[in-house]
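**Q**
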Amino acid sequence: MKDYLKTLFEDASNKLDYLKINNAFFTIPNQKGHGDLSTNIAMILTKELKKNPREIANEIIENLNYDSTIIEKIEIAGPGFINFTFTPIFLSKIISQINEEKSAFGTSKKYFGKKANVEFVSANPTGPLTVGHGRNAVIGDTVANLLESVGYDVDREYYFNNAGRQMRVLGESVQLRYKALLGETVEFPEEYYQGEYIKEIAQLLIDEFGDKLLSEKDETVFKSKAETEIFKEIKATLENLDIKMKIFYNENSLYEEGKIDYVLAQFKEKDLSYEKDDAIWLKLTELGNEQDKVIVKSTGEPTYRLPDIAYHITKFNRGYDLIIDVFGSDHNATFPDVKAGIKALGFDAEKVDVLIHQFVTILEKGEVVKMSTRKANYITLDELTASVGKDVVRYFFNMRSLSSHLNFDIDLAKKQSEENPVFYLQYAHARISSILRVTIEQDLHASFVNFNLLNTEAEINLMKKLHQFQNEVLYSAENYEPHRIANYLEELAASFHRFYTECRILGSEVRLAEARISLVQAAQIVLKNGLSILGVTAPDSM
RNA sequence: GCGCCAGUAGCUCAAUCGGAUAGAGCAACAGCCUUCUAAGCUGUAGGUUAGUGGUUCGAGUCCACUCUGGCGUACCA
150 MKDYLKTLFE DASNKLDYLK INNAFFTIPN QKGHGDLSTN IAMILTKELK KNPREIANEI
210 IENLNYDSTI IEKIEIAGPG FINFTFTPIF LSKIISQINE EKSAFGTSKK YFGKKANVEF
270 VSANPTGPLT VGHGRNAVIG DTVANLLESV GYDVDREYYF NNAGRQMRVL GESVQLRYKA
330 LLGETVEFPE EYYQGEYIKE IAQLLIDEFG DKLLSEKDET VFKSKAETEI FKEIKATLEN
390 LDIKMKIFYN ENSLYEEGKI DYVLAQFKEK DLSYEKDDAI WLKLTELGNE QDKVIVKSTG
450 EPTYRLPDIA YHITKFNRGY DLIIDVFGSD HNATFPDVKA GIKALGFDAE KVDVLIHQFV
510 TILEKGEVVK MSTRKANYIT LDELTASVGK DVVRYFFNMR SLSSHLNFDI DLAKKQSEEN
570 PVFYLQYAHA RISSILRVTI EQDLHASFVN FNLLNTEAEI NLMKKLHQFQ NEVLYSAENY
630 EPHRIANYLE ELAASFHRFY TECRILGSEV RLAEARISLV QAAQIVLKNG LSILGVTAPD
690 SM
C-alpha cells in the first residue's frame, strides 16, 4: 500500500516541486474512519509554503493520478491530514502474493550483497549461561534473523577471553575442588567460584587422571579443562534455543597475531598515547571523550579497551558493512572509548551499532533474585529453557523493547497458561492448520478468483494486517526492534481470531468458502514467517 | 557529583523521523460453544502518560529543571 502511494507522490512531484523535497511519510491511523494510510505532509509543508495546510492538501490530491480500482477514496481531515482508503479488491491481491511467495513473503532484497556481523552473548567461559545472558542471546539471534530477512549475509559471532584473571581464579577453583574430592583439606576462598559445576569438572578430571594431578603446581590443566567443559555446555545451551554461532573469536588470537601490538604502535605513531605512572594512556580527551583512559596497565597487561579496539578492527578488515554489538546495560560505559579509538585509527565507526539492552529482573515467588555467577546464585538459562520451553523463552525475551527493563516472572512463565501470549499466536496457527485439514476432507480448496466476496469487516481487517507485514519486517530490521514483530503478530493473530469467530468456511457457499481458504492460508504463512523471525515454532496442533 | 536507560490503566508493556479520541494482554465484571480447536470471541470498567515549566498549528514523544528506580562512572570485563 505504501509503495503505491510513494509512486503516486513521486509522479505528482513532477508537477509540484515541493513534493520533491519531502519524503512522503505515511502512517497507519489508529482511529477507524481515518482511512488505511494517512500522511501529514501538507501540515509539514505549511511553514515552507506559507499556505493553509488544507489548501496544500487539496492541491496535492488534485495532482495525484490514482487508479480508482486501487484507491477507494482520499479525504482531507482534521487540521490537514490526507487519508487514503483502499478498495477491498486491491487489498485482497495480497492473498495471492503471499500464497505465491510463501516463506519468502515479508523478506526483501534491500540490503542484498551486504555483509553484517552480529556479536552477542560473548560471555567468558567461567560458568553456565544465566537467565541474564538469555536476553542478550535471544535479541542477538533475532536481530540477526531480521537482518537476514532484509537481505544481509549475517555472521553470528561470540567473542571470548580465556586468559584473564577471572579464568585464573576459575582454574584455581577447580584445582581446589579436585584436591578436596581426593580427600585433602582445603580452604575454599569466598571469592572463588562456588557453583556445583566446578565440582563436576573436578570429578571429570578425577575420572580421567585419578590423583595424578595433585602434583600440578599451577592451575593451567584445570583451567583448560574447565574452559572446554563450560564451552561445551554454553554451546548446548544456545542450541537449545536454536542459536548457532558461526564464529567463536578468541581474544587471545589478537595477541598471537600481533594485532594488539599493531594497534598500540598505531596510537603511538599518531601521538594518541602517552606514558604516565608506568601505564600507557589513550588521549581520549583529544578524541572528544571525557577523560583519558589506561590501555596498558603498569603491570604490562592491556585493559579491555585495547583488545576491544583491535577486535573491532578485525571486523572492519573482515569486510563487514554492518557491525552490531549486543551488550547489557552494564557495558554502556565501555563503548564510547572503543568507538573513539576505532575512529582515530581511520575506520568508519558509523558502521558499528551498539545495542544496549536493559537488565532482566528475575522474580521468583514475587521476590527479586539477585544473580551472580561467582556466588553461584543464579538460575541457568538451561533450567529456564527446560522448564518453560524454547518458544516461551524466545518470545518472552523478544516481546519488549531493548531499552525497557524486563521483568521475568519465573512462576508466571512456568505456568504455561493462557496468560502467556506466545500461545495466543501459536493457537492461531494451529487453528488454521486444523481448518485446512478439515476442508481438504470436504474437498474444498484454496481459490484465488472470487476475492470480491471477501467483504466483511473482519475479512478486510485481516487483509489490511497482512499488508503491513513487509513494512514491519523492514522497519524492525532497520531499527533493530524485534519486539515490533511480536506486537505485530499479536495484532495479526487477533485479526484472525476475530475472523474465525465471525466468518465460517464450512457451510458457506463454495466460492466464498474457497476464497476464505486462501485468505486463512495467507494468514498462516505470515504467522509462520513472523514466528520464524522470532525463532518460535508454529505448531499444527495444540 | 557526572553519564546512559527507564517512569504510561491494579499488574506487565505498546504507541512507526512530534499527529487526529494514548492502545493491547493479564487481573475484575457481564455475556457467547448441537456446526471448521472456547489456549477463542463480544461488551463494561479502568488514565492529569512521575511532576513543573518551555518549544508549536499539535507533545507520552523534543528542551530545561525536579522526584523515583536500574546500570555505569577502574591500571575489572
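Numbered according to this note's numbering, the first sequence spans residues 150 to 691.
For every residue, glycine included, the Cβ atom is placed at its ideal position computed from N, Cα and C.
(1) So, is Pro277 buried or exposed, given that buried needs 16 or more other C-beta atoms within 10 angstroms?
(2) Under 8 Å by Cβ, that's how I've got Ile210 and Ile231 pegged, so tell me the actual separation to the nearest angstrom.
(3) Would you mind listing the beta strand (DSSP E) stretches within the segment 497 to 539 that are 3+ residues and don't spill past its ends, in chain order?
(4) Under the rule that 16 or more other beta-carbon atoms within 10 Å means buried, what is Gln670, buried or exposed?
(5) Spell out a yes or no on whether the segment 309 to 323 and the segment 473 to 484 are touching, meaning 3 or more CB-CB pairs, one atom from each, closer than 8 Å.
(6) In terms of residues, what are the limits of the beta strand (DSSP E) holding Arg305?
(7) Between the beta-carbon of Phe233 and the beta-carbon of Gly184, is there less than 9 Å?
(8) Could you tell me the distance, in whole angstroms, from the CA atom of Ile528 to the CA atom of Glu516?
(9) Alpha carbon to alpha carbon, how far is His632 from Asn401? Give it in angstroms, no decimals.
(10) Taking DSSP as the reference, what is the three-state secondary structure of Ser271?
(11) Less than 8 Å between the CB atoms is what I'm expecting for Leu551 and Ile347, so what's the real figure, rounded?
(12) How about the segment 568 to 581 and the segment 682 to 690: do they share at least three Cβ pairs that are nearer than 8 Å?
(13) Report the rounded CA-to-CA distance for Gly320 versus Leu683, giving the unit in angstroms.
(14) Should the segment 361 to 374 be called in touch with the segment 407 to 418, which here means at least 3 C-beta pairs below 8 Å?
(15) Helix, strand or coil, according to DSSP, for Asn601 in the structure here?
(16) With C-beta atoms as the reference, is Lys446 less than 9 Å away from Ala428?
(17) Alpha carbon to alpha carbon, how far is Leu154 from Tyr469?
(18) Within 10 angstroms of the Cβ of Tyr423, are there 16 or more other Cβ atoms? Answer buried if so, exposed if not.
(19) Using the three-state DSSP reduction, which class does Lys372 fall into: helix, strand or coil?
(20) Identify whether Asn569 lies in helix, strand or coil by the three-state DSSP scheme.
(21) In terms of residue numbering, what span does the alpha helix (DSSP H) encompassing Phe618 cover?
(22) Relative to the C-alpha of Ser667, which residue among Glu608, Glu365, Asn628, Tyr637 is closest?
(23) Identify the residues that DSSP records as bridge partners of Pro688: which are they?
(24) Going by beta carbon distance, what residues of the same chain come within less than 6 Å of Phe394, once the five residues before and after it are set aside?
(25) Between the Cα of Ile473 and those of Glu368, Asn294, Asn189, Ala664, spot the shortest distance and give me the residue it belongs to.
(26) If you draw a straight line from the C-alpha of Thr176 to the C-alpha of Leu504, how long is it?
(27) Is the segment 536 to 546 in contact with the segment 579 to 599, if contact means three or more CB pairs nearer than 8 Å?
(28) Just checking my contact of Lys259 with Val299 at CB under 8 Å: how many whole Å lie between their CB atoms?
(29) How many Å lie between Phe325 and Glu378 at the Cα?
(30) Would you check if the distance between the CB atom of Val487 and the CB atom of Arg454 is smaller than 9 Å?
(31) Spatial neighbours of Phe618 within its chain, please: C-beta separation below 8 Å, excluding the five flanking residues on both sides.
(32) Helix, strand or coil for Glu658 per DSSP?
(33) Going straight from the alpha carbon of Leu471 to that of Lys263, what length do you get?
(34) For Gly227, count neighbouring C-beta atoms within 10 Å of its own C-beta (all shown protein chains included) and say buried if the count is 16 or more, exposed if not.
(35) What span of residues does the beta strand (DSSP E) with Glu424 cover, start to end?
(36) Measure the alpha-carbon distance for Glu639 versus Leu574 and round it to whole angstroms.
**A** The relevant details are as follows:
(1) buried
(2) 7 Å
(3) 501 to 506, 509 to 513, 516 to 518
(4) buried
(5) no
(6) 302 to 309
(7) yes
(8) 14 Å
(9) 35 Å
(10) coil
(11) Not a contact, Cβ separation roughly 33 Å.
(12) yes
(13) 37 Å
(14) no
(15) helix
(16) yes
(17) 34 Å
(18) exposed
(19) helix
(20) coil
(21) 606 to 628
(22) Glu608
(23) Its beta-bridge partners do not exist; DSSP assigns none.
(24) Before going further, note that residue 394 is Met rather than Phe in the sequence given. For Met394, where only same-chain residues beyond five positions count, the Cβ hits under 6 Å are Arg305, Tyr307.
(25) Asn294
(26) 26 Å
(27) no
(28) 5 Å
(29) The question names Phe, but residue 325 is Leu in the sequence shown. Going from the Cα of Leu325 to the Cα of Glu378 covers about 17 Å.
(30) yes
(31) Phe254, Gly255, Tyr637, Leu641, Val675, Asn678, Gly679
(32) coil
(33) 8 Å
(34) exposed
(35) 422 to 425
(36) 6 Å
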